[in-house]
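According to this note's numbering, the stretch in the sequence shown is residues 827 to 1237, in order.
The C-beta atom is built at its ideal place from N, Cα and C for all residues, glycine as well.
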Amino acid sequence: MADGGAEQQRPEQQRPEHVNRSELSGPADLVQARDVYGAVHFHSGNPHPADPPPRQLPGDVRGFVNRVKELRALDRLLGDDAVAASLVVLTGTAGVGKTALALRWAHAVRHRFPDGELYANLRGYDPGQPSRPEQVLDRFLRALGVPASAIPADLEDRETLYRSRLADRRVLVVLDNAATVRQVRPLLPGTSSCLVIVTSRSMLSGLVSRDGGRRLTLRMLAEEDAVTLLQDVTAEYRTGDDAVELAELARLCARLPLALRIAAERAASRPFMPLSELIHDLRDESALWDALTAEDGEEADAVRSVFAWSYRALNTPAARLFRLLGLHPGPDLGTPAAAALAGSPVSQIRQPLDALVGAHLLEQSAPAATNCTTCYARTRSTRSSTWRAARIARRRCVAYSPGTCTRRTPR
């Protein structure tokens, strides 16, 4: 009789169940399930979340006055849903408030650019070397999340990567203190969804004619606004200043915001000095220049620097003409008078005049030079011209128009 248990296989002789074995290496998500029916889909968050958008704008400007017309013109660049113009060039003379306007408007509309803001001071008129496009692109690409090791060395390759990163993004780019078109053009995005604001003392005509930019030229403040700025700065320290005297002080500062702030600080630091005495001191143009540049603060340094930068950027004929203009006693002169002062034919004086206009050291169809500019021109003339050269230039001026050049040559 057979043993019934013998018909059963011993446990160690039973066929083992099939086992799947998987070995994993490296970081990964592992999911274990007993029974799986149908397709399996894995959804997980990005293990490397996107970098926050760059927010590079400097702080908003304190004590900003008016510029309502200019702010509205900038507002029109933004449509309801899209950027109406992708490039705007703010131009104007040194100290007129280009950077202040650009930053004030940029802060007001930053919410319209959810992908961030990029800012660079191109140092186009600094006494040192201006910022090179490849340097700025390196900073911008890092801010846009590109690892340093992935930034190409070649300028053209950096431009390509920069434009690729900005494609289909809404980014506001502020390029401050540019000197030349060549300095700006590599930094322009290749998409109309971005907006670029460039500030410069030069006209940068190539950005308008070739790149489709819109130019907005800043003039000196209106008298009312200039007086308001003076009052805003001095309000805590002085009371009862006469409105007529404030207007005269504003005129002496050419209604330039930078010069106005320095003059206002000077008045605020002398709360018991009658404003009429300060104005009396400043009426002499040499005293005006000394007063505006005598302080040790950053703004005084800025006044000294901004005109020096503009002057150093001039070519040799334009710089010579600028110095000679400092010998002219009046605020206005025409092309023939400038030619007489320089001892050059009219045909040869137009190009230097255009260079001075382009640098915003002269204005067409307006007073030839602001008081601050005239002061600096006379300073350069005193430093660079001999007494003999100055006397010869004045004689040429008198020969052209005896009634306008009667100031004595100092001995």
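For L981, no beta strand (DSSP E) segment is defined; the enclosing uninterrupted segment is the alpha helix (DSSP H) at L981 to L992. Here Q1009 is buried, its C-beta having at least 16 other C-beta atoms within 10 Å. In the three-state reduction of the DSSP assignment, L944 falls in the strand class. Within the same chain, V914, A928 and V1000 come within 6 Å of I1023 by CB-CB distance, once the 5 residues on both sides are set aside.
Taking the C-beta atoms as reference points, A926 is found no nearer than 8 Å to R1040. Under the DSSP assignment, A1004 falls in the beta strand (DSSP E) whose first and last residues are L998 to A1004. Here the segment 970 to 984 makes no contact with the segment 1014 to 1030; the two share fewer than three CB pairs at distances below 8 Å. Cβ contact annotation for A1076 (same chain, cutoff 7 Å, sequence separation greater than five): E1049, A1052, V1053, L1056 and L1086, in chain order. Where T1043 is concerned, the enclosing beta strand (DSSP E) starts and stops at R1040 to T1043.
Only residues of its own chain outside the window of five on either side were considered, and among them R984 and L987 have a CB closer than 7 Å to the CB of P978, listed in chain order. An exposed status is given to K895, since fewer than 16 other beta-carbon atoms sit within 10 Å of its beta-carbon.
Judged by beta-carbon spacing, L1030 lies within the 8 Å limit of T917, meaning their Cβ atoms are closer than that value. CA-CA distance, T1142 to A976, rounds to 43 Å. Per DSSP, the unbroken alpha helix (DSSP H) holding V935 starts and ends at K924 to V935. Straight-line measurement puts the Cα of E1074 at about 19 Å from the Cα of F1098. According to DSSP, T1025 shares a beta bridge with L916. Taking C-beta separations shorter than 7 Å and ignoring five residues to either side along the sequence, the partners of R1064 in its chain run A1093, A1094 and P1097, following chain order.
Taken through DSSP and simplified to helix, strand or coil, R881 comes out as strand.
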